[in-house]
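Asker:
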Amino acid sequence: MQDGAVSPQTWLIALVVVGVVVAALAILLLSRRKPARQRITDPHEALRAALGKTRGGLMDGLRRLLGGGLDEDIIDSLEEILLRADIGVTATQRLIGGLKEGYRAGNLKDQAQVLEFLKTGLKEKLGGEAPKLREAPKPPTVVIVAGVNGSGKTTSVAKLTHLLTRGGEKKVLLAACDTFRAAAVEQLATWAGRLGVDIVRGQTGADPAAVAHDACEKALKQGYDYLVIDTAGRLHTDKNLMRELEKIARVGKKHIPDSPHEVLLVLDATTGQNAVRQAKEFLEVLPVSGIILAKLDGTAKGGIVVVIREELGIPVKFVGLGEQPTDMQPFDAGVFVDGLLS
Ligand SMILES: Nc1nc2c(ncn2[C@@H]2O[C@H](COP(=O)(O)OP(=O)(O)O)[C@@H](O)[C@H]2O)c(=O)[nH]1
Ligand SMILES: [Mg+2]
């Protein structure tokens, strides 16, 4: 080899060194970048953010129509916008009727007044703050979480657990009664681990009522404050599912006669009116006492809360705003409507 010439090995080493330096710089830069989505800690802001899609559809439409003034034809055209947000035919017609009356009486003259009217009307329909979770006079409080497959039950159990254990004083036990799918038990067990709570689980295919039985016994003996029961959303037939849910509730009653204290039905907001139809089937067999409306963050159909209220007469107690345990909050009509229309 000639003096002064660089050997291939030296080139190779130099290349590797440059490569390592570039990779290290890239890792350093990437790790210092802000996460794409900052967690919003203020609950009102979190709800407002989750309602973005619904609010966008409503507000864009309202501004477009009301920008040039107000008359009865324009008020009629608002109907389509309200229906698209899944506010429902009954409520929409009543709101449109009220708007026309107000317009004729000379009380509604511009966009701001129309918005105020809609807000007040919706808040009245939805009531104020949702009733709190029902508590047993003597612990454990038994909560059954039901709903169709994929509606968000297991995630909602995790979110509820997070809310219940937040103060650090309450002991929560989970029961994995969706024994129909192995993955369902694992999913709940993973959440239990992450949230630091205990879980009662059976083998895949075990009788869910037997798991409920064991869980009730443990909850009573070991002084848990809450027993939260996750259930299956699909069996071979809907009849089987409903029978199984009844059986779980019945087994609970044997141990804790005034249970279940709360039966929460999880509805997937993205399915709009379908969710309401499903709910009616559950209501036939289960004493549903509250609704968890999940996935509000993924839909432009947030108005479905109005239909739920009008057609089911059961309070929406919680709203789900994402996939993390922190992404659920008690429903408050005032905050909800303000997040929808401003
Ligand atoms: N964006 C969003 N996704 C959710 C929400 N709740 C549940 N999910 C997702 O929906 C899917 C089904 O949820 P899961 O709890 O397993 O439903 P289950 O079959 O009823 O138990 C999962 O991918 C969840 O992460 C929510 O409020 N927002
Ligand atoms: Mg599940």
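Read left to right, the sequence shown gives residues 1 to 342 (the working numbering). All C-beta atoms in this analysis are idealised placements derived from N, C-alpha and C, irrespective of residue type, glycine included.
#1: Is residue 275 helix, strand or coil by DSSP?
#2: For residue 262, list the residues DSSP reports as bridge partners.
#3: Extract the residue ranges of the alpha helix (DSSP H) inside the stretch 43–95, only unbroken runs of 4 or more that lie entirely within it.
#4: Please find out if some non-hydrogen atom of ligand 2 comes closer than 7 Å to the beta-carbon of residue 154.
#5: Under DSSP, the beta strand (DSSP E) around residue 290 begins and ends at which residues?
#6: Does the distance from the CB of residue 225 to the CB of residue 171 come in under 8 Å?
#7: Roughly how many whole angstroms lie between the Cα atoms of residue 59 and residue 117?
#8: Can you tell me the Cα-Cα spacing of residue 308 and residue 145, whole angstroms?
#9: Between which two residues does the beta strand (DSSP E) carrying residue 229 extend?
#10: Cα separation between residue 48 and residue 15?
#11: Considering only DSSP beta bridges, list what residue 199 is partnered with.
#12: What residue from 112, 105, 109 and 119 has the CA that sits closest to residue 95's CA?
#13: Whole angstroms is fine: what's the gap from residue 315's alpha carbon to residue 100's?
#14: Might you give, ordered along the chain, the residues of its own chain that have their beta carbon closer than 6 Å to the beta carbon of residue 1, omitting 5 neighbours on each side?
#15: Quick check on the burial criterion: 16 or more other C-beta atoms within 10 angstroms. Buried or exposed for residue 325?
#16: Would you kindly report the start and end of the unbroken alpha helix (DSSP H) that includes residue 318?
#17: For residue 53, which option in 188, 305, 298 and 78 has the closest C-alpha, if you only look at C-alpha atoms?
#18: Have a look at residue 134 and residue 262 and give me their C-alpha separation to the nearest angstrom.
#19: Let me know if residue 269 comes out buried or exposed under the rule of 16 or more other beta-carbons within 10 Å of its beta-carbon.
#20: For residue 63 and residue 306, I'd like the C-alpha separation in whole angstroms.
#21: To the nearest angstrom, how far is the alpha carbon of residue 244 from that of residue 97?
#22: Report whether the distance from the Cβ of residue 278 to the nearest heavy atom of ligand 2 is below 7 Å.
#23: Compute the Euclidean distance between the alpha carbons of residue 203 and residue 45, then round it to the nearest angstrom.
Answerer: The relevant details are as follows:
#1: Against the sequence shown, residue 275 aligns to sequence position 275. Three-state result, residue 275: helix.
#2: Here the question's residue 262 lines up with position 262 in the sequence shown. Answer is 143, bridged to residue 262.
#3: Secondary structure remark: continuous alpha helix (DSSP H) runs of at least 4 residues inside the stretch 43–95, in chain order: 43–50, 52–66 and 72–84.
#4: The residue given as residue 154 occupies position 154 in the sequence shown. Checking every heavy atom of ligand 2 against the Cβ of residue 154, one is found closer than 7 Å.
#5: What you label residue 290 is simply residue 290 of the sequence shown in a count that begins at 1. Per DSSP, residue 290 belongs to the beta strand (DSSP E) from 290–294.
#6: Along the sequence shown, one-based indexing puts residue 225 at 225. Along the sequence shown, one-based indexing puts residue 171 at 171. It is a contact, given that the beta carbons lie within the stated cut-off.
#7: As a first step, residue 59 is located in the sequence shown; it is residue number 59 there, counting from the start. As a first step, residue 117 is located in the sequence shown; it is residue number 117 there, counting from the start. Rounded to the nearest angstrom, the two C-alpha atoms are 14 Å apart.
#8: Locating residue 308 in the sequence shown gives position 308, where the first residue counts as 1. Locating residue 145 in the sequence shown gives position 145, where the first residue counts as 1. Each residue's Cα considered, the two are about 18 Å apart.
#9: One-based indexing of the sequence shown puts residue 229 at position 229. Its beta strand (DSSP E) spans residues 226–230.
#10: Within the sequence shown, numbered from 1, the residue matching residue 48 stands at position 48. Within the sequence shown, numbered from 1, the residue matching residue 15 stands at position 15. Going from the Cα of residue 48 to the Cα of residue 15 covers about 51 Å.
#11: In the sequence shown, counting from the first residue as 1, residue 199 sits at position 199. In DSSP, residue 199 forms a bridge with 174.
#12: Position 95 of the sequence shown, counted from the first residue, corresponds to residue 95. When each option's Cα is compared against that of residue 95, the closest is 119.
#13: Stepping through the sequence shown from its first residue, residue 315 is reached at position 315. Stepping through the sequence shown from its first residue, residue 100 is reached at position 100. The alpha-carbon atoms of residue 315 and residue 100 are separated by roughly 29 Å.
#14: What you label residue 1 is simply residue 1 of the sequence shown in a count that begins at 1. With a pLDDT of 47 at residue 1, under the threshold of 50, the modelled position of this residue cannot be trusted, and the question is left open.
#15: Numbered from its first residue, the sequence shown carries residue 325 at position 325. With 16 or more neighbouring CB atoms inside 10 Å of its own CB, residue 325 falls in the buried class.
#16: In the sequence shown, residue 318 corresponds to position 318, counting from 1. That residue, residue 318, is in no alpha helix (DSSP H); its beta strand (DSSP E) goes 316–320.
#17: As a working note, residue 53 is residue 53 in the sequence shown. Closest by alpha carbon: 298.
#18: Taking the first residue of the sequence shown as 1, we reach residue 134 at position 134. Taking the first residue of the sequence shown as 1, we reach residue 262 at position 262. Rounded to the nearest angstrom, the two C-alpha atoms are 6 Å apart.
#19: Sequence index remark: in the sequence shown, residue 269 carries index 269 (1-based). Looking at its Cβ environment, which holds 16 or more other Cβ atoms inside 10 Å, residue 269 is buried.
#20: Locating residue 63 in the sequence shown gives position 63, where the first residue counts as 1. Locating residue 306 in the sequence shown gives position 306, where the first residue counts as 1. Straight-line Cα distance between these residues: approximately 22 Å.
#21: Taking the sequence shown and counting its residues from 1, one reaches residue 244 at position 244. Taking the sequence shown and counting its residues from 1, one reaches residue 97 at position 97. Residue 244 and residue 97: Cα-Cα distance of roughly 45 Å.
#22: Indexing the sequence shown from 1 puts residue 278 at position 278. Incorrect: residue 278 has no Cβ contact closer than 7 Å to ligand 2.
#23: Against the sequence shown, residue 203 aligns to sequence position 203. Against the sequence shown, residue 45 aligns to sequence position 45. In a straight line, the C-alpha of residue 203 is about 42 Å away from that of residue 45.
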